[in-house]
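The UniProt record's numbering applies: residue 1 is where the sequence shown begins, and numbers increase by one. Below is one structure, written out as structure tokens, with a few remarks after it.
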Amino acid sequence: MCEKLELIIMHSFCWLFSSSFTFKELLFFGALMSSTDPVSVLAVFQEMEVESDLYALVFGESVLNDAVAIVLSSSVDNFAASDKSFDLDALFAAVIDFLSVFFGSLLLGSVIGCATALITKMTEIKEFPLLEAALFILLSYLSFLLAEFVELTGIVAVLFCAICQAHYTYNNLSDEARTRTKQFFEEVSFLMESFIFCYIGVSVFVSHSQQWSISFFLCTLLSVFLSRAAHIYPVSAMLNIRRKPKIPQRYQHMMLFSGLRGAMAFALAYRNTSTDNRQIMATTTSMVVIVTVLFNGGLTSWFTEYLGIRHGVDAYDDSQLQLNLDDSHLQGMDTLSRVSGQNPWDKAFLPRKWYNFDASFMKPFLTNANPTLLETMPSFMAPFAKIFTTKQQLSMWL
């Protein structure tokens, strides 16, 4: 919803001041610019050890934001490539296309992630850590390839595959395989981030043959700020009606400030630069990325201090304690919190239902965690529960 609101506001604002662009072109530009990439802000948050709730809000919003922006821009681009006029039927078709691609990619990635967890649980692959780590990485990449093959969105598929891998599969890996995969992804992530930002910087100086528009760039900067403010504050206010703990004003200001544009917007803009207007969009996106990364990213620590957001050891005591616990202790604490009702999500209906289902079925089914399916499933499901209960789970149970 936030991405769609941002798309509409950016499109409307740019349309008022950029009459040379068509409706479809501005719709596509609004879709691609709705993606955020606060990687530099998150790096500063980690360095300063800010409150974990704020980190989770900024990181979680950016992850889902990028996934939605990719599918949304593809849907708008498909509509722009057609000769159809924009009417109610076209809008309905675009919405159906968006939902089918997004949830299809989500389902595909989740299935592959869960299948990987089941493979690592039910086999003796732990005896071969190198093969175990390779399987973890290659099956994750398989989700991307399959999604692209069936004309879904590979990035969305691999995102939700990664969520399932982190939540389930990672718990089944041997210690050596965990170390290998963690170091591999950290190295690849660092190299890719360095490469893409170097590429963005270089592209500004080698794109002199492309079209530029200072007025469109200034208009875009202003619309980026206004559109983000238009959904951060109203959505936070709606969430605070039932949410506990509430999102404080200083968090909302920080979330507004964290709306950097990055690699995703740049990649979407440069997929097609065949026309003058598309070239203006691409060069404008490059400049917006550079300005927001340098300005917002560079002033993050100062703005955090200015807003009075807690940081340092005191703000991070609880999360550091959790990180220092071993996996089995963490699982026990997690189960205990659900039973005792101390989990902060217990007051929200849907998260509570999902967490209960996750604890009673998904984790016992896909990982070696306790309680086992023999404890949580009805008695008539005992044959099924025995098949998917490992010796490791039984030894922990007994």
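Even glycine gets a Cβ: it sits at the ideal position worked out from N, Cα and C. Every value quoted in this text rests on a predicted model; they were computed, and no experiment measured them.
C-beta contact flag for residue i and residue j at 8 Å
i           : j    : result
L260        : G297 : yes
K24         : A80  : yes
T285        : F266 : yes
I137        : T181 : yes
Y251        : L54  : yes
A177        : E132 : yes
A90         : L32  : no
residue 399 : L307 : The structure shown has nothing for residue 399, since the chain only spans 1 to 398.
V39         : E193 : yes
I247        : S258 : no
V224        : V289 : no
When the options are compared against residue i, the one with the closest alpha-carbon
i    : options                   : result
R271 : F29, F23 and F21          : F29
V111 : A177, S62, A157 and L152  : A157
M377 : S360, I387, I214 and I137 : S360
V63  : L159, L299, S75 and L139  : L159
L256 : Q211, T304 and N277       : T304
T367 : L239, L138 and A385       : A385
I96  : N356, P364, S174 and V71  : V71
E61  : S140, T36, F357 and P234  : T36
F365 : I119, L173 and S189       : I119
F184 : G262, L299 and L130       : L130
R278 : Q46, S34, D66 and D77     : D77
M122 : E375, A369 and S379       : A369
W212 : T275, L57 and I309        : T275
T179 : S215, S143, A134 and I155 : A134
P245 : S34, V41 and L57          : L57
T169 : F357, V188 and I125       : I125
D358 : S34, C164 and L239        : C164
V41  : L299, S379, G312 and P383 : L299
Inter-residue Cα distance where the pair is residue i and residue j
i    : j    : result
L221 : I280 : 14 Å
A115 : V44  : 36 Å
M381 : G104 : 30 Å
M264 : G201 : 15 Å
E49  : S301 : 11 Å
S52  : L99  : 32 Å
L106 : A269 : 24 Å
S74  : T390 : 44 Å
L26  : G113 : 36 Å
A166 : T273 : 37 Å
T292 : I387 : 53 Å
I196 : F205 : 15 Å
D327 : S20  : For D327, the predicted structure reports a pLDDT of 43, less than 50, and the residue's modelled location is therefore unreliable. A value from the coordinates is still provided. So the alpha carbons of these two residues sit roughly 58 Å apart.
T372 : K363 : 9 Å
D66  : S395 : 43 Å
A315 : V150 : A caution first: A315 carries a pLDDT of 47, below 50, which makes its placement in the model too unreliable to give a value.
R352 : F59  : 22 Å
F190 : Q46  : 15 Å
A229 : C219 : 16 Å
L226 : R310 : 27 Å
Y199 : G262 : 12 Å
V188 : L88  : 44 Å
N171 : E375 : 20 Å
E148 : S82  : 21 Å
L330 : D175 : For L330, the pLDDT reaches just 38, beneath the cut-off of 50, and the residue's location in the model is therefore unreliable, although a value from the coordinates is still provided. So the two alpha carbons sit approximately 16 Å from each other.
P344 : G312 : With a pLDDT of 49 at P344, under the threshold of 50, the predicted position of this residue should be treated as unreliable, though the coordinate-derived value follows. Answer to the nearest angstrom: the Cα atoms are 23 Å apart.
L294 : R243 : 34 Å
P383 : I155 : 38 Å
Q342 : L239 : Only weak support exists for where Q342 lies, its pLDDT of 44 falling under 50; the value from the coordinates is given anyway. Straight-line Cα distance between these residues: approximately 21 Å.
L142 : S34  : 28 Å
Counterpart residues of residue i in DSSP-defined beta bridges
i   : result
V50 : H311
Distance between beta carbons of residue j and residue i, contact taken as under 8 Å
i    : j    : result
T22  : V101 : So it is not a contact: roughly 24 Å between Cβ atoms.
L145 : L108 : About 11 Å separates the two Cβ atoms, so there is no contact after all.
A162 : S140 : 6 Å
Q392 : A282 : So it is not a contact: roughly 53 Å between Cβ atoms.
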